[in-house]
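Residue numbers (this note's numbering), protein chains in the order written: chain A, 559 to 905; chain B, 559 to 905; chain C, 559 to 905; chain D, 559 to 905. Here is the structure we will look at.
4 protein chains.
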Amino acid sequence: MIKAGIVGVTGYIGEELARILVQHPEVEIKAITSKSYAGQSYSNIYSNFSGLFDAACEEENLEKMAKELDIIFLALPHGLASKKLSKDILDKVKVIDLGADYRLCCKETYEQWYQTDHCSPDLLEQAVYGLSELKREDIKNAQLIANPGCYTTCSILSLYPLLKEDLMCKNSIIIDAKSGVSGAGRSLNVSTHYTECNESFKAYKIASHRHTPEIEQELSIAAGEDISLIFTPHLIPMNRGILATSYATLNENLSYNDILGVYNKYYADEYFVRIAKEGVYPETRWVKGSNFFDIGFTIDERTGRIIVIGCIDNLVKGAAGQAVQNMNIMFALDEKLGLSQVPIFPA
Amino acid sequence: MIKAGIVGVTGYIGEELARILVQHPEVEIKAITSKSYAGQSYSNIYSNFSGLFDAACEEENLEKMAKELDIIFLALPHGLASKKLSKDILDKVKVIDLGADYRLCCKETYEQWYQTDHCSPDLLEQAVYGLSELKREDIKNAQLIANPGCYTTCSILSLYPLLKEDLMCKNSIIIDAKSGVSGAGRSLNVSTHYTECNESFKAYKIASHRHTPEIEQELSIAAGEDISLIFTPHLIPMNRGILATSYATLNENLSYNDILGVYNKYYADEYFVRIAKEGVYPETRWVKGSNFFDIGFTIDERTGRIIVIGCIDNLVKGAAGQAVQNMNIMFALDEKLGLSQVPIFPA
Amino acid sequence: MIKAGIVGVTGYIGEELARILVQHPEVEIKAITSKSYAGQSYSNIYSNFSGLFDAACEEENLEKMAKELDIIFLALPHGLASKKLSKDILDKVKVIDLGADYRLCCKETYEQWYQTDHCSPDLLEQAVYGLSELKREDIKNAQLIANPGCYTTCSILSLYPLLKEDLMCKNSIIIDAKSGVSGAGRSLNVSTHYTECNESFKAYKIASHRHTPEIEQELSIAAGEDISLIFTPHLIPMNRGILATSYATLNENLSYNDILGVYNKYYADEYFVRIAKEGVYPETRWVKGSNFFDIGFTIDERTGRIIVIGCIDNLVKGAAGQAVQNMNIMFALDEKLGLSQVPIFPA
Amino acid sequence: MIKAGIVGVTGYIGEELARILVQHPEVEIKAITSKSYAGQSYSNIYSNFSGLFDAACEEENLEKMAKELDIIFLALPHGLASKKLSKDILDKVKVIDLGADYRLCCKETYEQWYQTDHCSPDLLEQAVYGLSELKREDIKNAQLIANPGCYTTCSILSLYPLLKEDLMCKNSIIIDAKSGVSGAGRSLNVSTHYTECNESFKAYKIASHRHTPEIEQELSIAAGEDISLIFTPHLIPMNRGILATSYATLNENLSYNDILGVYNKYYADEYFVRIAKEGVYPETRWVKGSNFFDIGFTIDERTGRIIVIGCIDNLVKGAAGQAVQNMNIMFALDEKLGLSQVPIFPA
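Structure representation (structure tokens):
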């Protein structure tokens, strides 16, 4: 059994990790930590765990955890992981960071977008960007995984094959993304107060959201050159789910089947990627509670553009599920272990 | 492997059954039938099943199914099962009926409340009312299970121990129940059109809901005498979950701990029943996607009444989950098999 | 024009007051105050007011307001009004307090349920309980109105005529009430964080909610003797609306028409009370955005009880709308002025 | 008083028209018609109107209505108005058609996108496209108004000034639009069944929505040349509101203030257009229940594109409200009459 610890277990990502790991046949959760709830029983905070997982939240002690555990999941606000992690800890334990601190290769880009110092830039090179389908080989031997953001997972998986195969005008990309409110986390804020976001819809952080450089970084690698794109997030009045509508101008006269062939080349063998039939488009309800990334697309011949629709559950494939998928890869387990639930509907 | 069939697989209860059974380690779904969707692939109807379960819906043929299967689940509108079932079929196959046709012992009561003839009253005696926690011994050897209704499961489990132990005034019971919209099924109706029920709340079928005689029947058995009660259902603008607030006058001066002792006597060993700590009350979110029945209560000393709060996921413990729990009992499997998921939150 | 001020204009009740008064043909809002937002333009806080009402929030100065205004609306958390008000202020200006401080006649009851001192008990006798339909004559000459709570308005209007006419067993009353989330206000709290209450339903403050003594006080006056009842509030995942399902044992063998006659006696001439036809029950959607109280009822002959359904918009008839109705009465205006909007649906 | 009739009064647009007109000081609703509900009292269908408007729905008789009324509003599915209207009727009465039949100047375009014959192409030239802010002069003297679609109103108002002033690359336009469910109307359909769209988000009619040619027609007129654009509608799980996120490449190096100047040129005097401050973006909640179009924008200097956010209430400015605005213009009334309500929040 893999001995796992979750740091920051009382946020929604930490809680989803706990939910998945409690049910994972090869994992034992040996430590959970919380700054705000130290000393409290977990099922007192999240009653869904009553009778199923009643461990107490502890104060965080990374050194102790590093010695006793096989893997540590960090589910922390950005800026904290880069302070806490060190080569010393990584010598002793595998770490999957679900925050943003090790996602951007370039320290300066991180500091510019996140407006904070990066405290362990020496670890950046070692970190593997954990988009499981695209970095599987690197993940196998990684000691530190930078688990991708929710919007970024959905956006990159939507466009990666097209850029890798050089099928579109690189600076024509527009990603119009929409997320349920759980993506904003559990911290109280007037913008996520029930009556402030229920029955309303808005765009936010227009042309300035922090997932932008992360998407650009990975798509630039795919394209082999620097890409600038527009990424516009919106808030949907619902709990879970991300849908990204991506637009780009196709390089040449490509047919639906040409594009389908390219997606199949990259995704046909990927269990967690489901390509919709022609004329069918993903909806967030069909992936809820699961690690699937669903994708569909069409070509608008009138304008020469492709429109790609991608969907994930932001807390699963967009966070905790992909982290577990990465853990499975790191420990040479079946990649689907603990992640094989049928999406729940209606829910 | 148990060979199972689902008749009426495209309603929400049928779909939840499919979801649970696809993931059940001892079951193979060998046949699914649908009147409206015969010939169509299941994942075309419910895309959450894409890549996971792609069987085609068939026309129903109960005789054939009876010969080839170990168990048939009927997820049909009331009135149909009583037409389709016969001793002949039941000689060959176990049946769990998730509709109302075999829940009421008395043919006349059924015909009065459901305003239709009962076409196989000879089977009524054979049918076991499948409230798993209360009828486990009978279920073990049953060939025909009448799976309880959603409201009734929640209501009966809330009050059964108190009546069985004769702790309350028998004609003082009021059950004020509230359900999410999935309880109304998938058939189109203006009252479940999105914009008609979203952002609104109402009571419906006041003093006339068909689950009333079912609750009264089972609580009368517990009490050893005929009980009349008030049952008022309400519609909550959300997908899943039932919460029942029950009121009754206590017979004598009983303390919280006296009552807790009684609930523990009946439920302490029941995996799927979770009794909340004093001062804590169940909420529907904590049971979502699971087979749990959560219960909490308080005594209002000012009025001498007990207030009991019970919660279930209407599609799981209120329908498909309890059906699978009953199947597990019937086939001498671990009662939790296929039903051990942690409730999903936020979802 | 009536010169009005709103103290606590940035809570939801203050904002609804502003919305109604901006549209009121006989009122000019001369001052708005806010502790948290002093100095900010109102339409910066609530963009629905952009271009319509752009006054700046001021620091509160009750003495100054008393001198310059005709009426002050206090929309404050409980405990503050009783500190701020004085005979001196009330000599100069009419006050409608939308909080709880002057609703209970008895200082001790207030201090027991609200767990705080009452700082101006000398004003209690002067305060008129502002349930417009029941206290119209007193309101006309009042200088200080204690505007009723949302749950209480709905509950009292549901049962008052039956108690006044001595038609039911006085200690048999159970009020099972349900409210949308706006009733909890705009203060941040984990229980009203979007993802914590969306898609869930719960009871709260069971047998202990502060509206209980207020309902009991007014219904006891109606009954002519002390009444104890059960009041159970629940939280509905929607923005606006209260529905109260009330149960009581009828004293004698009364018919539907007997009861209807009694309701008509009290409400037939009341513009803001709408009695549903037999077999029809109020739903919160039908009163949204309006000052109506809708009521319907049935008699359950099997148990000898009446079931009454009452509905209001908690921010309008349950707060700001009734306050304006009271103001209209106090200033001898048409009681409907500014309150004649058709309920908005679907919304 | 203007004598008005509403044909198709039981759909959501008809109902919103009734709500606005009941409150309009210069209008009397003299006739309402419904195919499905003829003979029924309106407040039996929509209980929000109880006590306020209890007329009976009639069978439609356009000739009779034309003789007796001053204006007829048609709120019908597409294809019906073109069958019912004639020069003869239009000689007698003003007509505002809220459907699609007279929006497209070109009969062939209509027949291609709507897949039905146009039965009165001779009336097309006479019809004025009723986007009030842009066609005010034509509307004044119109006898037949083609009231714009909801998505189109929001899209055209978002981009018209930029195209009119030739500020952007004409074939770079992408409109990613999102609508609440009331836009889909009241007809039953599995896609608008509560549990099918609640807690989910999807794109639909991708590259094929019928509002596309309507947007292109009006923006082509503004641009002075034919424009092809991408229009992608999405369904938001909420009742009301449309938000359109539009993207286009700016022609030259334009600053925020340059663009603001252009919007001000067209909209500064428009009561129903509210331009947000820099850094602020419209949200659907701020226009709910009102006739406002809110707009905000930013320039993404990294990609040379402008991002424009526009918001309306789809049933008001997107349908019934704009129809009443057009009626006010046609009858030389204050354009705001009956439309001056502050948007309702939270609702």
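Heads up, the beta-carbon is just placed ideally off N, CA and C, and yes, glycines get one too.
Query: At a Cβ threshold of 9 Å, is His767(A) touching chain C?; Result: no
Query: Less than 8 Å between C-beta atoms, sequence neighbours within five positions excluded: which residues of the same chain meet that for Tyr821(C)?; Result: Pro719, Ile833, Ile853, Phe855
Query: What are the boundary residues of the beta strand (DSSP E) that includes Cys869(B)?; Result: 863 to 870
Query: Would you kindly work out how many angstroms separate the C-alpha atoms of Lys625(D) and Gln883(C), rounded to a whole number?; Result: 42 Å
Query: What span of residues does the alpha helix (DSSP H) with Glu586(D) cover, start to end?; Result: Unbroken run through Glu586(D) is the beta strand (DSSP E), 585 to 591; no alpha helix (DSSP H).
Query: Need the endpoints of the alpha helix (DSSP H) that Ile697(C) sits in, please.; Result: 690 to 698
Query: Given Tyr672(A), which residues of its chain have a CB within under 6 Å of its CB, disregarding the five upstream and five downstream residues?; Result: His636
Query: Are the C-beta of Asn797(D) and some C-beta of chain B separated by less than 9 Å?; Result: yes
Query: Starting from the C-beta of Phe759(D), find all residues in its chain whose C-beta is less than 6 Å away, skip the five residues before and the five after it, and write them out in chain order.; Result: none
Query: Taking just the CA atoms, how far does Ile590(B) sit from Asp827(A)?; Result: 28 Å
Query: Which residues in chain E have a C-beta closer than 7 Å to the C-beta of Leu610(A)? List them in chain order.; Result: Absent from the structure is chain E; the protein chains it does hold are A, B, C and D.
Query: Got a sec: is the Cβ-Cβ distance from Asp852(A) to anything in chain B below 9 Å?; Result: yes
Query: What are the residues of the region 820 to 852 of chain C that lie near chain B, defined by any Cβ-Cβ distance shorter than 7 Å?; Result: Tyr839, Glu841, Thr842, Arg843
Query: What are the start and end residues of the alpha helix (DSSP H) that includes Arg577(B)?; Result: 570 to 580
Query: Apart from the five residues just before and just after Ile788(A), which ones in its own chain have a Cβ nearer than 6 Å to its Cβ?; Result: Ile732
Query: So which residues on chain A does Ser740(C) lean against when the C-beta distance must stay under 9 Å?; Result: Tyr752, Thr753
Query: Would Asn756(B) pass as an interface residue toward chain D - the criterion being a Cβ-Cβ separation below 9 Å?; Result: yes
Query: Measuring CB atoms only, is the region 802 to 811 of chain D touching the region 843 to 851 of chain D, in the sense that at least three cross pairs come out at less than 8 Å?; Result: no
Query: Only counting the same chain, and skipping five residues up and downstream in sequence, which positions put a Cβ closer than 7 Å to that of Gly743(D)?; Result: Gly569, Tyr570
Query: My assumption, with CB atoms under 8 Å, is that Ala781(B) sits in contact with Leu721(B). Please give the rounded CB distance.; Result: 4 Å
Query: Can you confirm whether Tyr687(D), when its beta carbon is compared against all beta carbons of chain B, has any partner nearer than 9 Å?; Result: no
Query: Output needed for Lys829(C): all residues of its chain with C-beta closer than 8 Å, excluding positions within five of it in sequence on either side, in chain order.; Result: Before going further, note that residue 829(C) is Tyr rather than Lys in the sequence given. Closer than 8 Å at the Cβ level, and outside the excluded window around Tyr829(C), lie Glu893, Lys894.
Query: Just the C-alpha distance for Asn619(C) and Thr861(B), rounded to the nearest angstrom, thanks.; Result: 45 Å
Query: State yes or no: is the C-beta of Asp734(C) within less than 9 Å of the C-beta of Thr667(B)?; Result: no
Query: Say whether chain D places a C-beta atom closer than 9 Å to the C-beta of Lys760(A).; Result: yes
Query: Using the C-alpha atoms, what's the distance from Asn811(A) back to His792(D)?; Result: 27 Å
Query: With which residues is Lys652(B) paired in a DSSP beta bridge?; Result: Ile629(B)
Query: Considering only DSSP beta bridges, list what His792(A) is partnered with.; Result: Lys736(A), Ala761(A)
Query: Compare the C-beta of Tyr805(A) against all C-beta atoms of chain D and say whether one is closer than 9 Å.; Result: yes
Query: Going along chain B in order, which residues have a C-beta closer than 7 Å to the C-beta of Asn606(A)?; Result: Trp844, Val900, Pro901, Phe903
Query: Do the region 684 to 691 of chain B and the region 874 to 890 of chain B make contact, defined as three or more Cβ pairs closer than 8 Å?; Result: yes
Query: Per DSSP, which one or two residues make a beta bridge with Ser749(D)?; Result: Answer by DSSP bridge pairing: none, since Ser749(D) is not bridged.
Query: With DSSP as the reference, label Ser599(C) as helix, strand or coil.; Result: strand
Query: So, for Lys728(B): in the same chain, excluding its five sequence neighbours on each side, which residues have a beta-carbon less than 6 Å away from its beta-carbon?; Result: Ala781, Ile785
Query: If you compare alpha carbons, which of Ala878(A), Arg863(A), Ile817(A) is closest to Gly847(A)?; Result: Ala878(A)
Query: Could you confirm whether any beta carbon from chain D is found closer than 9 Å to the beta carbon of Val565(B)?; Result: no
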